[in-house]
Amino acid sequence: MNTVLSRLNTVFAFTLSVMAALTFGCFLTTAFNDNLSSVQIETFKHSIKSGYTPYNERSERGNFVFDLHADLNPIFNWNVKQLFLYLTAEYKTEQNALNQVVLWDKIILRGNAALLDYRGIKMKYPFFDDGNGLKGHDNITLTLSWNVIPNAGMLPRIFGDGSTSFSLPVQYSNR
Amino acid sequence: MGNFDFLDDVRRMNKRQLFYQVLNFGMIVSSALMIWKGLMVVTSSESPIVVVLSGSMEPAFHRGDLLFLTNHQSDPIRVGEIVVFKIEGREIPIVHRVLRLHEKEDGKVKFLTKGDNNSVDDRGLYAPGQLWLERKDVVGRARGFVPYVGIVTILMNDYPKFKYLVLLGLGLFVLIHRE
Numbered sequence: 225m226n227t228v229l230s231r232l233n234t235v236f237a238f239t240l241s242v243m244a245a246l247t248f249g250c251f252l253t254t255a256f257n258d259n260l261s262s263v264q265i266e267t268f269k270h271s272i273k274s275g276y277t278p279y280n281e282r283s284e285r286g287n288f289v290f291d292l293h294a295d296l297n298p299i300f301n302w303n304v305k306q307l308f309l310y311l312t313a314e315y316k317t318e319q320n321a322l323n324q325v326v327l328w329d330k331i332i333l334r335g336n337a338a339l340l341d342y343r344g345i346k347m348k349y350p351f352f353d354d355g356n357g358l359k360g361h362d363n364i365t366l367t368l369s370w371n372v373i374p375n376a377g378m379l380p381r382i383f384g385d386g387s388t389s390f391s392l393p394v395q396y397s398n399r
Numbered sequence: 330m331g332n333f334d335f336l337d338d339v340r341r342m343n344k345r346q347l348f349y350q351v352l353n354f355g356m357i358v359s360s361a362l363m364i365w366k367g368l369m370v371v372t373s374s375e376s377p378i379v380v381v382l383s384g385s386m387e388p389a390f391h392r393g394d395l396l397f398l399t400n401h402q403s404d405p406i407r408v409g410e411i412v413v414f415k416i417e418g419r420e421i422p423i424v425h426r427v428l429r430l431h432e433k434e435d436g437k438v439k440f441l442t443k444g445d446n447n448s449v450d451d452r453g454l455y456a457p458g459q460l461w462l463e464r465k466d467v468v469g470r471a472r473g474f475v476p477y478v479g480i481v482t483i484l485m486n487d488y489p490k491f492k493y494l495v496l497l498g499l500g501l502f503v504l505i506h507r508e
C-alpha cells in the first residue's frame, strides 16, 4: 500500500464491492413485494367502424371512452423508479384463441401523482382486430396492468385488482 | 524504479512456473466461459445478459443499462412484456415492449412491439413486408435490470482501441502477477 497506483486500485475495488452490495441489498429488500392495488374501470360510448389499417388491410375498428380510478401510491418505494401502466383489451375470436391489444398506456415516475382519477379518456392506440372478430363481440375484458421498473432488480408485471367487460355493437357506426 | 518491481518476478520464474501461470490464465478464461454457457442453459436464452443500446425505452432504460433475459418456451408471451428481438438480416437486438398480440389455438403467436419513448409502433423497423414478430425472432424477455453497468461494453464498442488495451492489460496482469 505504498504507491499511489496500488492505493487507487484498492479504493476502486472497494468502491465497486460496496456499490454491488448496496445494489443487491436494494433489490433484496423489495423483491418480495406484491405490488397489488385495486382498480375501477368503466367504459362508455362503444362503437365499431369498418375501415382500413394504416397498412391497407381491411379491418374493423372498435372505439370507446373510459373512466379509471386507482390509487397506486402504496406501490412506490425506494426501489421503484417508475410504473408503466397499460390498459389491455383481451378477447377471443374464431380466428385467434387469444387476442390482447394495449389501448392506452402511461408512465408514472416516482414522485409524480399516483392517485389516478381519470374520466372520459380516449384510446391512445387504435383498436384493430386481426381479422373481423370485433363486430358484435360480447365479451371483451379490459384490465389495467403495470410493469414495475426498479432502480435495480426484477421487472414484474402486475394485474390490477379489478377489471370490466363490455361488448361492441353489431351495427357499424357512421360517425 | 519501484513501479517495475513486478517485472523482477518474471525474470525469477523458471519454465515450470511460467507454464503454471499460463495454465492459471486458461482456468480463468474457461471458468468465465462455463458461467456464461451455464447461464445460457438456465435461462434458455442465447444471450442471457444484454446491454441497452438506444434510448427508445426511456425513462425506464437508458443506454448502458444491463438486462437479464429468460426465454423459456413454456412461458407464453403477453402484452406489456419487454422483449429483446432481432430482425432477420440484422445483428443488433432491439429492446421494446409488446403492444398487441394474437395467439392461435395451437400456440402460434404473432405480436407487435413499440418502444416506450417512440411515438409509433415498430412496423417501420421490421423487415420489408413483415408486419408481425414471431416467437423465433425473440432472443429473450427482460426479467431483471441493473443500471449503468453496461457502459463499459458500450465504451469498448465505440472505441475499439480501448477494448484491446483493457484486454491486453488484463491478460498481461494475470500472466505476470504471482498470486
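Residue numbers (this note's numbering), protein chains in the order written: chain P, 225 to 399; chain B, 330 to 508. All residues carry an ideal CB built from backbone N, CA and C; glycine is no exception.
**OP:** Taking S360(B) as part of the alpha helix (DSSP H), name the residues at either end of that continuous run.
**Re:** For the purposes of this step, residue 360(B) is taken as the residue at position 31 of the second sequence. Start and end: K344 to T372.
Subject >> Beta-carbon proximity of L430(B) to V408(B), cut-off 8 angstroms >> reply: Counting from 1 along the second sequence, the entry for residue 430(B) is found at position 101. Counting from 1 along the second sequence, the entry for residue 408(B) is found at position 79. Yes, they are a contact pair.
Subject >> Strand pairing of K439(B), partner residues [DSSP] >> reply: Against the second sequence, residue 439(B) aligns to sequence position 110. Partner(s): H431(B) and E463(B).
**OP:** Please list, in chain order, all residues of the same chain as G286(P) whose beta carbon is under 6 angstroms from its beta carbon, the five residues on each side excluded.
**Re:** Here the question's residue 286(P) lines up with position 62 in the first sequence. Contacts found: I272, F351, L358 and L392.
Original post:
Can at least three beta-carbon pairs, one atom from the segment 294–305 of chain P and one from the segment 252–266 of chain P, be found at a separation below 8 angstroms?
Top reply: yes
Subject >> Chain-ordered chain P contacts of G500(B) [CB-CB under 9 angstroms] >> reply: Your numbering for residue 500(B) matches position 171 in the second sequence. Per Cβ cutoff of 9 angstroms: no residues; G500(B) is ~17 angstroms from chain P at best.
**OP:** Over the uninterrupted alpha helix (DSSP H) stretch that includes F236(P), give me the two end residues.
**Re:** Translated into positions along the first sequence, residue 236(P) becomes position 12. Where F236(P) is concerned, the enclosing alpha helix (DSSP H) stretches over V228 to T254.
Subject >> Helix, strand or coil at K492(B) according to DSSP, with G and I counted as helix >> reply: Position 163 of the second sequence, counted from the start, is the residue given in the question as residue 492(B). Helix at K492(B).
**OP:** Give a yes or no on whether the C-beta atoms belonging to V424(B) and I416(B) are separated by under 8 angstroms.
**Re:** Stepping through the second sequence from its first residue, residue 424(B) is reached at position 95. Stepping through the second sequence from its first residue, residue 416(B) is reached at position 87. No.
**OP:** Check the Cβ of A471(B) against every Cβ in chain P and list those closer than 8 angstroms, keeping chain order.
**Re:** To locate residue 471(B), count along the second sequence from 1; it is residue 142. Correct list: L379.
**OP:** Specify whether the segment 465–479 of chain B and the segment 393–402 of chain B touch according to this definition: at least 3 beta carbon pairs, one from each stretch, less than 8 angstroms apart.
**Re:** yes
**OP:** Below 9 angstroms between beta carbons is the criterion; list the residues of the segment 305–320 of chain P that meet it against any residue of chain B, in chain order.
**Re:** K305, Q306, F308, Y310, T312, E314, T317, Q319 and N320
Subject >> Three-state secondary structure (DSSP) of G384(P) >> reply: As a first step, residue 384(P) is located in the first sequence; it is residue number 160 there, counting from the start. Three-state result, G384(P): strand.
Subject >> Per-residue burial, F390(B) [other beta carbons within 10 Å of its own, 16 or more giving buried] >> reply: Against the second sequence, residue 390(B) aligns to sequence position 61. With 16 or more Cβ atoms within 10 Å of its Cβ, F390(B) is classed as buried.
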